[in-house]
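Engineer:
In my numbering, the protein residues as written are 349 to 516.
(1) Going by the beta-carbon positions, is the gap between residue 392 and residue 405 smaller than 7 Å?
(2) Taking the C-alpha atoms as reference points, what is the distance between residue 463 and residue 452?
(3) Over what stretch of residues does the alpha helix (DSSP H) that includes residue 394 continue unbroken?
(4) Would you kindly check if the distance between the Cβ of residue 429 and the Cβ of residue 460 is under 7 Å?
(5) With 16 as the cutoff for other CB atoms within 10 Å, does residue 426 come out buried or exposed?
(6) Consult DSSP for residue 460 and reduce its assignment to one of helix, strand or coil.
(7) Residue range of the alpha helix (DSSP H) that residue 420 falls in?
(8) Near residue 417, what residues of its chain come up, given a Cβ to Cβ distance below 7 Å and the 5 sequence neighbours on each side ignored?
(9) If I measure Cβ to Cβ from residue 456 and keep anything under 7 Å in the same chain, skipping five residues before and after, which residues do I get?
(10) Pull the bridge partners of residue 513 from the DSSP assignment, please.
(11) Taking residue 482 as the reference, which of 382, 513, 504 and 373 has the closest Cα?
(12) Distance check for residue 441 and residue 415, CA to CA, integer angstroms please.
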């Protein structure tokens, strides 16, 4: 009997670790907006709209930021491609994962390769937010197995959580 009480906490811990994950919680917990690396730039006529959008972004006013970023991207043909990443974050924050994925696709199609880790990770986040569980799991596994990836640890946690996603 005394042995049972020593084993019970381990069994309870094991059981709690393997409980299904709530889908809404998983979507909410997986998305964390990318850090604002733009707002500190010196303003000029080329980045004025970008900086205006990022002021909204930093204040978590994502709808306003998205509208200005879309205008910036359409009006400034030689805009920094990072604007697509921030636009994707705004769309994710506003519950528009398919639009976010399109913005990430445009960043991936550019010649800028500085954001390959961010593109891979946030594409997986788009799949989580749009409930494409199998794609998200495959993407997270690829990142976790890559050996060197900015989001490797987050991907490992996500793999565990996706494998425990509860039934609808």
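C-beta atoms are modelled at their ideal positions from N, C-alpha and C, and glycine is treated no differently.
Remember, predicted model here, so these are calculated numbers, not experimental data.
Structural biologist: With the structure as the only source:
(1) To locate residue 392, count along the chain shown from 1; it is residue 44. To locate residue 405, count along the chain shown from 1; it is residue 57. For residue 392 and residue 405, no; Cβs fall outside 7 Å.
(2) Locating residue 463 in the chain shown gives position 115, where the first residue counts as 1. Locating residue 452 in the chain shown gives position 104, where the first residue counts as 1. Approximately 10 Å, taken between the alpha carbons.
(3) Translated into the one-based positions of the chain shown, residue 394 becomes position 46. Run containing residue 394: none; DSSP gives neither H nor E here.
(4) As a first step, residue 460 is located in the chain shown; it is residue number 112 there, counting from the start. As a first step, residue 429 is located in the chain shown; it is residue number 81 there, counting from the start. Yes.
(5) Locating residue 426 in the chain shown gives position 78, counting from the first residue. Classification for residue 426: exposed.
(6) Position 112 of the chain shown, counted from the first residue, corresponds to residue 460. Residue 460 falls in the coil class under three-state DSSP.
(7) Translated into the one-based positions of the chain shown, residue 420 becomes position 72. Where residue 420 is concerned, the enclosing alpha helix (DSSP H) stretches over 410 to 423.
(8) The residue you call residue 417 lines up with position 69 of the chain shown. 401, 431, 434, 435 and 438.
(9) Residue 456 sits at position 108 when you count from the first residue of the chain shown. Around residue 456: 467.
(10) On the chain shown, residue 513 is found 165 positions in, with the first residue counted as 1. Per DSSP, 369.
(11) In the chain shown, residue 482 corresponds to position 134, counting from 1. Closest option to residue 482, Cα to Cα, is 513.
(12) Residue numbering aside, residue 415 sits at position 67 when the chain shown is read from its first letter. Residue numbering aside, residue 441 sits at position 93 when the chain shown is read from its first letter. Taking the straight line joining both Cα atoms gives about 13 Å.
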